[in-house]
Structure formats: structure tokens, C-alpha cells
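Input: a single structure, listed below in C-alpha cells.
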Amino acid sequence: MSQPESTHNKVAVITGASSGIGLVTARELAGAGYEVVIISRESEHADAARATVAAAATGPAPVQYFADLASQAQIRDVAARIRRSHEHIDVLINNAGASFSAREQTEDGIERTFAVNHLAPFLLTRLLLDLVVRADAGRIVMVSSETHSRRLDFANLQGEKRYNFFAAYTRSKLENVLFAYELARRLDGTRATVNALSPGPARSRFGDNMSGFPLRFSKAMKRTPLFKSPEQAARTSVWLATSPDVEGVTGKFFMHSKERRSKRITHDPAVAARLWTVSEELTGLAGATEEIDAAA
Ligand SMILES: NC(=O)c1ccc[n+]([C@@H]2O[C@H](COP(=O)([O-])OP(=O)(O)OC[C@H]3O[C@@H](n4cnc5c(N)ncnc54)[C@H](OP(=O)(O)O)[C@@H]3O)[C@@H](O)[C@H]2O)c1
């Protein structure tokens, strides 16, 4: 394995660092000397998580910004605050994610799984993209799952025809991979890279917000030996964010710090381009290509 580079003046932005895999990832990056910028919802455990990351920091103290990623207004606000405080982003880790027992809509009128797991990282990444491209070798990491769906019904993107918590979740994790691959194509010619990963099954707080069968299912799964600690699960995120081994590598899917072939549909550029267009329309970004052009 190659030697890590200096992390002096390196900035890592991470979502979902209040718990589980994101908290371990943030702690590791802070321990490696990155200035970690945490985006979380306000809660006591978010405050405790920030303190944990601060205690591990060997470089600058972590910065915490609050945003509910189910709200596009709050994503825009947090992106604007980061843009005011930082000139570049070396690592952007879209880690926050959730699953919901029943179909719910956000304040923007969007199904919640699709909003939090796909549209939120899509919008946040687009709003911060030029800062990533401005870094020496900016990296975007999408925390997806090996359970990503093998098909995408554009007429049921938001569970309009039928809703099932697991189908909505695996669809959103497919969208993470499609977004990563499409963005990698669009970033061709820049120094920035974007990859997707699966942390593998992990015993985190994931699913604890659900009720009924989905909650029982999630709790039962977490009792199986398949589910690893958040420390083990965070390894691929940390490796993709920091390792010289993956310098310049882009548009790939990883698990256990090794490249893995993602489902066949993820390699269809027409599906990815269509999802991109729909996502732009739903986030008010339609026609906004200037941030890639300007940064390239
Ligand atoms: N655990 C697994 O088995 C597994 C397997 C494959 C992939 N993954 C992926 O790994 C990622 C991390 O999950 P985890 O297992 O670490 O779960 P977790 O312990 O539940 O952590 C999820 C994080 O996302 C944040 N989040 C959720 N909804 C949010 C919202 N609306 N706004 C802002 N932040 C929000 C949570 O914040 P709060 O503290 O405010 O809720 C929390 O920090 C997810 O993308 C998940 O899909 C997990």
C-alpha cells in the first residue's frame, strides 16, 4: 500500500456523521488531520458525535452545520454556508441515508426515501461541485449498498404506483450508483473523481426510526453475524476518501476496499442521463451546467 499524502489544509465534508458509519468515517478523517465539516440534523447525539470527532482530531477542529437533508431549502442554505467558509473541498462523502416504513412526503412534496437518499446528495454535490474540482485531487464518495436494485421504473421513482420500504431503499441506492457514474463521465477532463461503495451490512442505528414489520426485519437482520461493526463498515469509505491506491480512479463501485461490478443497469448511460434530467427538474437545477463548465 502507498504512503498517505500530507493532509495539511485538507477539507472533508461528510453527511450523516451523527451516527454509525458516518461517525466512524468522520472520526478517522479527523484523526488523519483533515478539517472535517459535518452536516447533521440538530440532536443531542449530533452534538455528542461532533465532540467525538473533535476529540480525535489531529488537525483543525471539526465544523458542524445543521441541515435536514429532506429539505431542499436547508441543503441550499448549508451549501451556501460552506461556500462562504471554504474555498475548496478535498473530500465530499455523501453518507447520510435512511429508510421509511410507510410512504411519506417531504415539505417539497417528494417521497422521503428518494428525497433524502438520492435528491439530497444530488443537490448538495451539484451545489459544492466547483469547490471539489478546485481541490488538487477532489474526491466524491457515494455511500450506496450492494443491495442496490437491478431495475428502475421511472413511473414509480417515488413509489407513486406502489410503495415498499425495502424497494424504495434499494432503488435509492441504485440511484446513488447511477449518479456517481454519470457524474464521473461529466467530470472527465477535471482532476476530480467520484466513486460509489457499499459499506456492507452494519450494526448501526439504521432502520431504528421505522415501525411494524420493517423495524422487526431490520432488528432481526442486525442480530445476524452478517452485520459488522460500524468501524469495519467505515473502512471502505475512509480508504476511498484518502488512499493513494485510488488516486485518479473514478466511476467505479467498491466493497471491502476492492472494486466490485455493480448491477448491469448501472452501466446504462441512457438510464443515468434520464435520472440526471429528472433529478435536475425536481431540485430546480434544470439548465444549471455552469458549475462543471466553470470548474473544469
Ligand atoms: N447499516 C447498513 O447495514 C448499511 C448497509 C449498506 C449501506 N448503508 C448505508 O450507509 C449509510 C450510513 O448508514 P448507517 O448504517 O451508518 O445508519 P445510521 O446509523 O442510521 O446513520 C445514518 C446517518 O444519516 C443521517 N440522516 C438520516 N436522515 C437524515 C436527514 N433527513 N438529514 C440529515 N441527516 C440524515 C442520520 O442522522 P440522524 O442522527 O439525525 O438520524 C445519521 O447520521 C447510509 O447511506 C446507508 O444507506 C448502510
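Residues are numbered in our numbering as their position in the sequence shown, beginning at 1, plus a constant of 357.
Note that the Cβ used here is the ideal one computed from N, Cα and C, for glycine as well.
Return the residue from the list the options that minimises the CA-CA distance to residue i.
{"i": "residue 456", "options": "525, 414 and 628", "result": "525"}
{"i": "residue 450", "options": "627, 495 and 606", "result": "495"}
{"i": "residue 514", "options": "504, 470, 481 and 483", "result": "470"}
{"i": "residue 446", "options": "579, 436 and 502", "result": "436"}
{"i": "residue 516", "options": "492, 533 and 459", "result": "459"}
{"i": "residue 619", "options": "395, 502, 479 and 604", "result": "502"}
{"i": "residue 589", "options": "540, 531, 561 and 402", "result": "561"}
{"i": "residue 504", "options": "555, 467, 541 and 464", "result": "555"}
{"i": "residue 397", "options": "553, 572 and 431", "result": "431"}
{"i": "residue 523", "options": "406, 387 and 571", "result": "571"}
{"i": "residue 414", "options": "448, 380 and 384", "result": "384"}
{"i": "residue 508", "options": "602, 544 and 623", "result": "623"}
{"i": "residue 434", "options": "545, 454, 477 and 468", "result": "477"}
Report the partner residues of residue i according to the DSSP bridge assignment.
{"i": "residue 449", "result": "370 and 497"}
{"i": "residue 462", "result": "468"}
{"i": "residue 616", "result": "611"}
{"i": "residue 555", "result": "612"}
Quick one: give me the first and last residue of the alpha helix (DSSP H) that residue i is part of.
{"i": "residue 574", "result": "569–579"}
{"i": "residue 595", "result": "592–599"}
Let me confirm a value: residue i is counted as buried when at least 16 other C-beta atoms fall within 10 Å, else exposed. Which label applies?
{"i": "residue 616", "result": "exposed"}
{"i": "residue 367", "result": "buried"}
{"i": "residue 382", "result": "buried"}
{"i": "residue 583", "result": "exposed"}
{"i": "residue 444", "result": "exposed"}
{"i": "residue 365", "result": "exposed"}
{"i": "residue 421", "result": "buried"}
{"i": "residue 621", "result": "exposed"}
{"i": "residue 529", "result": "buried"}
{"i": "residue 407", "result": "buried"}
{"i": "residue 462", "result": "exposed"}
{"i": "residue 322", "result": "Only positions 358 to 653 of the chain appear in this structure, which leaves residue 322 out of reach."}
{"i": "residue 452", "result": "buried"}
Can you list, in chain order, the stretches of the beta strand (DSSP E) that have 3 or more residues and sit fully within the stretch 467–553? The qualifying runs are 496–500.
Contiguous beta strand (DSSP E) assignments of at least 3 residues, all confined to the stretch 363–440: Counting only runs of 3 or more, we get 368–372, 392–397 and 420–423.
Let me know the alpha helix (DSSP H) ranges lying completely inside the stretch 616–640, each 4 residues or longer, listed in chain order. Taking 4 residues as the minimum length, the alpha helix (DSSP H) runs contained wholly in the stretch 616–640 are 626–640, in order along the chain.
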